[in-house]
Amino acid sequence: MKEDAALLPVEDARARTLALVSPLPAEWTRLEEALGRALAEDVLAQRTLPPWDNSAMDGFAVRSTEFSAPLPVRLQVKETIYAGQTPREEVHPGTCARIMTGAPLPTGADAVVMRERTRLAPDGGTVELLEAVGPGHFVRPRGEDARAGEMLLPRGTPLGIPELGLLVSQGMQTVPVPRRPRVAILSTGDELCRADAPAEGRIVDANGPVLALAVRRAGGEPSLLGIARDTLEDVFAHLSAAEGYDLVLTSAGMSVGEHDFVREALEKLGVERDFWRVAIKPGKPLAVGRKGRTLYFGLPGNPTSSLVTFELFVRPALRRMLGHSEVEPPRVGGRLAGELKKAPGLAHYVRVTATWQDGELWARPLSTQTSGVLRSAASATHLLHFPLQSSRLANGDNVELLPLSWGA
Ligand code: AMP
Ligand code: MG
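If you read the sequence shown in the numbering used here, its first letter stands for residue 296, the second for the next number, and so on.
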């Protein structure tokens, strides 16, 4: 084993990770369960929507040819059509229909004059139109949203709320999306205990529950495998129980300490390591490997490091499993409020709170950046990317910010 393997830049490490991942097999899933996944197949429109030409305004449905006469044009009002009703009468020359938003346009009419541009006689029998409109004015044409048989959403479309709304309006109840990734999470360390079994001289395992939350938010199904003691045998035994998962996350035990057995246990299990150690802070001792169809992440033990590496590597992998083609962490531009220094050689991901001020997003580094404490992540809204070879960022510098998925 090469303990001094060169540190891999973040971008390379992510590219190598993603090369090991593909979308999971598709399943027909209820729409409300599909939010956050991407379509596994093209979806064709099953209905033409809207089903009929309808009014975009409350007003009067008219024949636009009426406006060859000078304004105001006076017409007889034949009926009132509310949304949900079917017009009873055809609109002949010299007549019109009062119409409400969403109501079907009556035969003969080809335009709508909004109510505010009209004067209705007190008895409601006639109306004066004060504005001339052309054909199609304030008419929502049949099929504007979708035409039966045409491509509605292509394969790979991320299903957000409006996309699901489109499918709901088509009367669909299920949709083909990759199944959710099953993710096993193993905490390792002699110092750890469970929150419900506190023990003298131990600290509570935070990484297990925290990673489970992050996995769930990212669309996966987490299973906690418990806590392995710092022996090769115990780590191996726990990892052996994790067969059949899509993803296995371990935390801690990844460094070169005498009690760090995770890498050795993964090797013994037959996990083919793709890389170990990334040029980042926090999160340097990250390892990624694969055995069969299972992807293994050896995450660092420090709680903030494990969350940051989750964000930079695990979430993109989960997104790919869920069918997304855009899987890189999102980025926005901002300005640094403060000053940052470091030695070149590691990319730093600085926890910041970013707020909108004078038309720009200003990123203020949290006062503690120690990765051993979760407090350095609490109240962070973004990670500020302090590039590998850079050594100083000055107040007001343009910076790249990664919005965090872990906030409330
Ligand atoms: P290690 O990578 O095993 O050297 O662990 C690095 C640091 O993270 C140590 O201070 C550990 O106590 C801490 N740590 C490891 N695992 C956990 C965990 N599951 N919850 C909270 N802290 C942890
Ligand atoms: Mg340890």
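The C-beta atom is built at its ideal place from N, Cα and C for all residues, glycine as well.
Exposure of residue i, with buried meaning 16 or more beta-carbon neighbours within 10 Å
i: V428; result: buried
i: A574; result: buried
i: D307; result: exposed
i: L303; result: buried
i: S662; result: exposed
i: Q465; result: buried
i: R332; result: buried
i: L527; result: exposed
i: P346; result: exposed
i: N349; result: buried
i: P457; result: exposed
i: F480; result: Reading off the sequence, residue 480 comes out as Ile, not Phe. I480 comes out buried.
i: A310; result: exposed
i: D653; result: exposed
i: D525; result: buried
i: E606; result: buried
Close-in-space but distant-in-sequence residues of the same chain around residue i (CB under 8 Å, 5 per side omitted)
i: L696; result: R626, V627, G628, G629, V647, A649, L656, A658, H677, L678, L679, H680
i: V316; result: L590, A612, R615, M616
i: M296; result: Residue confidence is low: M296 scores 41 on pLDDT, short of 50, so the model does not pin down where it sits. No coordinate-derived value is stated.
Alpha carbon of residue i to alpha carbon of residue j, nearest angstrom
i: C488; j: A340; result: 53 Å
i: V668; j: E439; result: 54 Å
i: E327; j: T390; result: 47 Å
i: E445; j: G578; result: 47 Å
i: R512; j: L602; result: 13 Å
i: R558; j: P698; result: 31 Å
i: T312; j: E562; result: 17 Å
i: P611; j: R437; result: 40 Å
i: A416; j: P401; result: 21 Å
i: G702; j: S674; result: 8 Å
i: V478; j: E495; result: 31 Å
i: V305; j: N502; result: 22 Å
i: V694; j: L631; result: 6 Å
i: L704; j: D353; result: There is no way to answer for residue 704, as the model of the chain reaches only from 296 to 703.
i: L447; j: R342; result: 10 Å
i: V709; j: E516; result: Because the chain is modelled from 296 through 703, residue 709 falls outside the range shown and cannot be assessed.
i: K636; j: G514; result: 36 Å
i: T483; j: V530; result: 7 Å
i: P598; j: A378; result: 56 Å
i: A490; j: H533; result: 19 Å
Beta-carbon proximity list for residue i, same chain, < 6 Å, skipping 5 on both sides
i: P449; result: D337
i: S596; result: Ser is not the amino acid found at residue 596; the sequence shown has Gly there. Around G596: S546, A547.
i: A351; result: F433, R435
i: E361; result: V368
i: R614; result: V622
i: I376; result: P382, A392, I394, A398
i: G691; result: R630
Contacts around residue i, its chain only, beta-carbon distance under 7 Å, and the 5 residues preceding and following it disregarded
i: R358; result: V386, P388, G403, A404, D405
i: Q664; result: V645, R646, S671
i: M380; result: In the sequence as presented, Met is not what sits at residue 380; that position holds Gln. If we look at Q380 and ignore the five residues flanking it on each side, its Cβ neighbours are A398.
i: D555; result: G548, M549
i: A329; result: L454, L459, V470, V472
i: G584; result: L561, V566, E567, R568, D569, Y591
i: S535; result: L564
i: V609; result: L544, F592
i: T452; result: A333, L334, E458
i: T324; result: T469, V470, V472
CB contact below 8 Å: residue i versus chain B
i: E559; result: Absent here is chain B; the protein component of the structure consists of one chain.
Between the stretch 636-651 and the stretch 612-624, do at least 3 Cβ pairs fall closer than 8 Å?
-> no
Would you check if the stretch 419-434 and the stretch 372-380 touch, i.e. whether three or more CB-CB distances between them fall below 8 Å?
-> yes
Take every Cβ of the stretch 312-322, pair it with every Cβ of the stretch 463-473, and state whether three or more of those distances are shorter than 8 Å.
-> yes
Does the pairing of the stretch 565-580 with the stretch 516-525 give three or more beta-carbon distances under 8 Å?
-> no
Three or more C-beta pairs closer than 8 Å, one from the stretch 545-564 and one from the stretch 578-597: is that the case here?
-> yes
Touching or not, the stretch 500-514 and the stretch 530-541, by the rule of three or more beta carbon pairs under 8 Å?
-> no
Would you say the stretch 632-641 touches the stretch 682-696, given that touching needs at least three Cβ pairs under 8 Å?
-> yes
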